[in-house]
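Student: I'd like to ask you about the structure that follows.
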Amino acid sequence: CHGTRPLLDDGSVGPFEWQTYKEVYERIINFGRGLEELNLLSKSEDGSMRLIGIYMKNRSEWVIAEQGAFTRRATTVPLYDTLGEDVVDYIVNQVLLETVVCTASQIPRLIACKAECPTLTNIICVDPEACPEAVATACHAAGLKFYRFDDIEKKGSEVDIEPLVGEPTDIATFCYTSGTTGDPKGALNSHGNVVANISSIVILLGTQSPLFDVKASQQYYLSYLPLPHIMERLVSISLVHLGVAIGFYQGDPLKIMEDVAALRPTLFVSVPRLLNRLHDKITVGARAAGGIKAYLFEQALASKKARLQEGVLKHALWDKLVFDKIKARIGLDRVQFVASGSAPLANHVMDFLRVFFGCPVTEGYGQTENTCLATYSHLHDFTSGHVGLPVCCMDIKLVDVPELGYLSTDTQHGTGESATDCKGRGEICFRGPSIFQGYYKMPERTKEALDSEGWLHSGDIGVWLKTGQLKIVDRKKSIFKLSQGEYVSAERVENVITQSPLIAQAFVHGNSLHSCLVAIIVPDFETFQGLPGSQEGD
């Protein structure tokens with residue numbers, strides 16, 4: 001069920017060690033009972049929820065803490081491990097949190113928050129062996145009670161309390177935005193929302209196909225995308241439903257590929273930024289090899305791309321001669337299914353991934369407010385440049401945005417040679433059983449997102465293709481006008497800039513009082529160091 005790489009005496013990490021489904025289930029039940037017995041679940045301001053915070057990187061105890069809370073009909077409040085102290089203060093005070101489950105590395109930050117967060121009372125540490133006695137002492141000095149995670153489990157094992165059965169309307173979790181435009185918004189996702197969306201994911205992954213059958217063999221998945229994000233949580237829960245073994249990364253983003261090599265996952269879910277880097281490193285490395293290796297790589301790439309639209313993913317010669325060797329070297333040789341989400345994936349990257357992996361590569365689209373997935377590209381659809389079809393729990397419509405020239409009655413998108421036929425353009429709106437319950441204590445922001453008929457307005461501009469798929473073409477909320485009257489989408493410019501293998505991140509800013517844009521660029525140092533003439537340390 002859960003795999004973790006233990007820290008060895010010499011400071012390195014060992015191979016994955018596994019807990020069975022039965023062992024994880026017992027830990028979940030015991031942790032929930034322990035929370036109840038020790039009265040560690042605090043009530044929300046209106047008394048409608050019992051709350052517990054989770055503040056750490058992905059690990060088995062993250063999942064056990066959340067699922068254990070669910071057995072007590074409690075609501076989780078995940079905190080990002082990269083959040084600043086001011087944001088942690090804000091969230092703790094907004095929901096009146098009393099108890100936070102965390103790792104030792106987060107305790108100093110919580111101690112620092114205590115002065116501004118009077119309700120914060122209890123710290124549950126999941127790795128007390130990494131916590132010096134002085135830290136526990138500092139907790140007590142700051143007025144915080146210090147508990148060990150395993151002590152909560154032990155307490156729960158000593159009592160016999162039946163799990164509580166909740167209602168679909170119960171709030172399962174808060175999902176806070178990053179707060180880039182003011183205070184973070186706490187999106188409320190109910191258990192009904194979660195179950196509806198998981199049903200869609202399970203149907204997508206569980207559908208038997210000649211290309212992929214999740215039940216045909218033991219599947220392995222590496223959990224490294226942040227669990228506070230609804231996407232990673234729902235994917236993980238869905239995979240548990242399907243009997244998949246989930247290995248957790250070490251917690252260091254720079255060592256993800258080490259964990260990939262150690263686990264050799266069969267399922268690989270990622271985001272465009274990481275998939276773009278994977279594409280760049282493989283292609284740049286192959287071409288830098290020069291000679292016959294570079295020639296064979298280009299021939300293999302071109303040959304397999306030409307066969308994609310014929311519905312052919314594998315090639316006996318090119319896979320064995322080129323791609324299988326690269327995959328084995330980086331630990332991706334067992335991958336049977338790849339999915340991308342959180343942002344659009346460039347067409348050429350999607351095509352490359354299908355060629356490289358020789359398996360279905362799908363793209364999903366959704367947001368926190370619709371509890372993860374809204375559309376997905378079908379396993380047997382090898383076209384690119386769209387986000388596929390609506391999932392089974394989602395209604396989707398396009399709403400006119402006349403100020404930007406998008407109408408639901410449009411029959412053409414684009415101009416000149418790039419023009420294509422379509423079945424309408426406009427703002428993408430969602431409705432269905434997985435639509436969130438609103439933003440916590442923010443009724444006005446909730447009204448901005450949800451209209452009177454229950455439609456969630458995404459802020460994204462979409463086009464219905466003639467073949468029925470949805471294509472995202474613009475962003476309503478990030479479009480602004482420059483001083484010369486020209487409309488610009490900062491997000492689109494950022495996406496173009498970051499397609500360069502030399503650029504890791506980009507931020508584009510504009511002002512209606514000026515005629516030009518400003519871009520802040522973060523270079524990809526590894527790629528730069530591989531350029532001719534570069535020296536280590538430059």
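Following UniProt numbering, the numbering of the sequence shown begins with 1 at its first residue and continues without gaps. Positions of the beta carbon are idealized from the N, C-alpha and C atoms, including for glycine.
If you follow the alpha helix (DSSP H) that Val77 is in, where does it begin and where does it stop?
Tutor: Translated into positions along the sequence shown, residue 77 becomes position 77. Premise fails: Val77 lies in the beta strand (DSSP E), Thr75 to Pro78, not in any alpha helix (DSSP H).
Student: Since Leu465 sits in a beta bridge, which residues does DSSP pair it with?
Tutor: Counting from one through the sequence shown, the residue named residue 465 turns up at place 465. Answer is Cys422.
Student: Kindly list the residues whose CB is nearer than 7 Å to the CB of Thr180, restricted to its own chain and excluding five residues on each side of it in sequence; keep chain order.
Tutor: Position 180 of the sequence shown, counted from the start, is the residue given in the question as residue 180. Note that Thr180 scores a pLDDT of 48, beneath 50, so its modelled location is shaky; the value from the coordinates is reported in the next line. Excluding residues within five positions, none has a Cβ falling inside 7 Å.
Student: Counting C-beta neighbours from all protein chains within 10 Å, is the total for Pro238 16 or more, i.e. buried, or is it exposed?
Tutor: Residue mapping note: residue 238 aligns to position 238 of the sequence shown, counting from 1. In the sequence as presented, Pro is not what sits at residue 238; that position holds Ser. With 16 or more Cβ atoms within 10 Å of its Cβ, Ser238 is classed as buried.
Student: When you compare only the Cα positions, how much space is there between Arg148 and Cys125?
Tutor: Residue 148 sits at position 148 when you count from the first residue of the sequence shown. Residue 125 sits at position 125 when you count from the first residue of the sequence shown. Their Cα atoms are separated by approximately 5 Å.
Student: Asn122 by DSSP, collapsed to three states: which one?
Tutor: One-based indexing of the sequence shown puts residue 122 at position 122. Strand at Asn122.
Student: Is it true that the CB of Arg73 sits closer than 7 Å to the CB of Ala204?
Tutor: Residue numbering aside, residue 204 sits at position 204 when the sequence shown is read from its first letter. Residue numbering aside, residue 73 sits at position 73 when the sequence shown is read from its first letter. The question names Ala, but residue 204 in the sequence shown is Leu. Going by C-beta atoms, Leu204 is not nearer than 7 Å to Arg73.
Student: Determine the extent of the beta strand (DSSP E) in which Gly364 is found, giving its start and end residues.
Tutor: Residue 364 sits at position 364 when you count from the first residue of the sequence shown. Per DSSP, Gly364 belongs to the beta strand (DSSP E) from Val361 to Tyr365.
Student: Who pairs with Asn189 in a beta bridge, going by DSSP?
Tutor: As a working note, residue 189 is residue 189 in the sequence shown. Its beta-bridge partners are Thr173.
Student: Considering only their Cβ atoms, is the gap separating Val349 from His279 smaller than 7 Å?
Tutor: As a working mapping, residue 279 is identified with position 279 in the sequence shown. As a working mapping, residue 349 is identified with position 349 in the sequence shown. Against a cut-off of 7 Å, the Cβ pair of Val349 and His279 comes out as a contact.
Student: According to DSSP, is Cys139 helix, strand or coil?
Tutor: In the sequence shown, the residue the question calls residue 139 occupies position 139. The answer is helix: DSSP assigns Cys139 an H, G or I state.
Student: So what does DSSP say about Pro443, is it helix, strand or coil?
Tutor: Counted from its first residue, the sequence shown places residue 443 at position 443. Three-state DSSP puts Pro443 in a helix.
Student: When burial is assigned at 16 or more other CB atoms within 10 Å of the CB, is Glu363 buried or exposed?
Tutor: As a working mapping, residue 363 is identified with position 363 in the sequence shown. Glu363 should be labelled buried.
Student: What is the DSSP secondary structure of Ser478, counted as helix, strand or coil?
Tutor: Within the sequence shown, numbered from 1, the residue matching residue 478 stands at position 478. Reduced to three states, the DSSP call for Ser478 is coil.
Student: So Glu491 packs on Ala506, CB below 8 Å; how close in whole Å?
Tutor: Within the sequence shown, numbered from 1, the residue matching residue 491 stands at position 491. Within the sequence shown, numbered from 1, the residue matching residue 506 stands at position 506. 10 Å between Cβ atoms; not a contact.
Student: Should the region 203-222 be regarded as contacting the region 167-178, the criterion being three or more beta carbon pairs within less than 8 Å?
Tutor: Taking 8 Å as the limit for Cβ pairs, the verdict is that the region 167-178 does not touch the region 203-222.
Student: In chain order, what residues of the same chain lie with their CB nearer than 6 Å to the CB of Val135, ignoring the 5 residues before and after it?
Tutor: Translated into the one-based positions of the sequence shown, residue 135 becomes position 135. Same-chain partners within the cutoff: Ile107.
Student: Specify, as a first and last residue, the run of the alpha helix (DSSP H) that Pro108 falls within.
Tutor: Mapped onto the sequence shown, residue 108 falls at position 108. Taken as a continuous stretch (DSSP letters only), the alpha helix (DSSP H) holding Pro108 covers Ile107 to Lys114.
Student: For Ser418, count neighbouring C-beta atoms within 10 Å of its own C-beta (all shown protein chains included) and say buried if the count is 16 or more, exposed if not.
Tutor: Translated into the one-based positions of the sequence shown, residue 418 becomes position 418. Classification for Ser418: exposed.
Student: Within 10 Å of its beta-carbon, does Pro6 have 16 or more other beta-carbons around it, so buried, or fewer, so exposed?
Tutor: Your numbering for residue 6 matches position 6 in the sequence shown. Exposed is the call here.
Student: In three-state DSSP terms, what is Asp410?
Tutor: The count along the sequence shown starts at 1 and reaches residue 410 at position 410. Here Asp410 sits in coil by DSSP.
Student: Can you tell me which of Gln367, Gly358, Ala65 and Met56 puts its alpha carbon nearest to the alpha carbon of Phe436?
Tutor: Your numbering for residue 436 matches position 436 in the sequence shown. Residue Gln367 is the option with its Cα nearest to Phe436.
Student: Please classify Phe525: is it buried, with 16 or more other beta-carbons within 10 angstroms of its beta-carbon, or exposed?
Tutor: Here residue 525 refers to the residue found at position 525 when the sequence shown is read from its first residue. Label assigned to Phe525: exposed.
Student: Answer with buried or exposed for Gln67, where buried requires no fewer than 16 other C-beta atoms within 10 angstroms of its C-beta.
Tutor: Taking the sequence shown and counting its residues from 1, the one referred to as residue 67 is at position 67. Its Cβ being crowded by 16 or more others within 10 Å, Gln67 is buried.
Student: With a threshold of 8 Å, are at least 3 pairs of Cβ atoms found where one atom belongs to the region 326-344 and the other to the region 262-276?
Tutor: Contact between the region 326-344 and the region 262-276 is present, because at least three Cβ pairs lie under 8 Å.
Student: So, are the CB atoms of Ile461 and Tyr406 less than 7 Å apart?
Tutor: Working through the sequence shown from its first residue, we reach residue 461 at position 461. Working through the sequence shown from its first residue, we reach residue 406 at position 406. Closer than 7 Å, so yes.
Student: Compute every distance between the C-beta of Tyr439 and the non-hydrogen atoms of the ligand ATP, then say whether any falls below 6 Å.
Tutor: By its list of ligands, the structure shown contains no ligand whatsoever, and the ligand ATP lies outside what it can speak to.
Student: Counting beta carbon pairs with one atom in the region 23-42 and one in the region 96-104, are three or more of them shorter than 8 Å?
Tutor: Segments in contact, yes.
Student: Is the beta carbon of Gly459 sitting closer than 7 Å to the one on Lys477?
Tutor: Numbered from 1 along the sequence shown, position 459 holds the residue referred to as residue 459. Numbered from 1 along the sequence shown, position 477 holds the residue referred to as residue 477. A contact, by the Cβ cut-off of 7 Å.
Student: With three or more beta-carbon pairs closer than 8 Å as the criterion, would you say the region 317-324 touches the region 290-305?
Tutor: Verdict: yes, contact present.
Student: What residues match up with Tyr221 in a beta bridge as DSSP calls it?
Tutor: Walking along the sequence shown from the start, residue 221 turns up at place 221. Its beta-bridge partners are Ile246 and Leu267.
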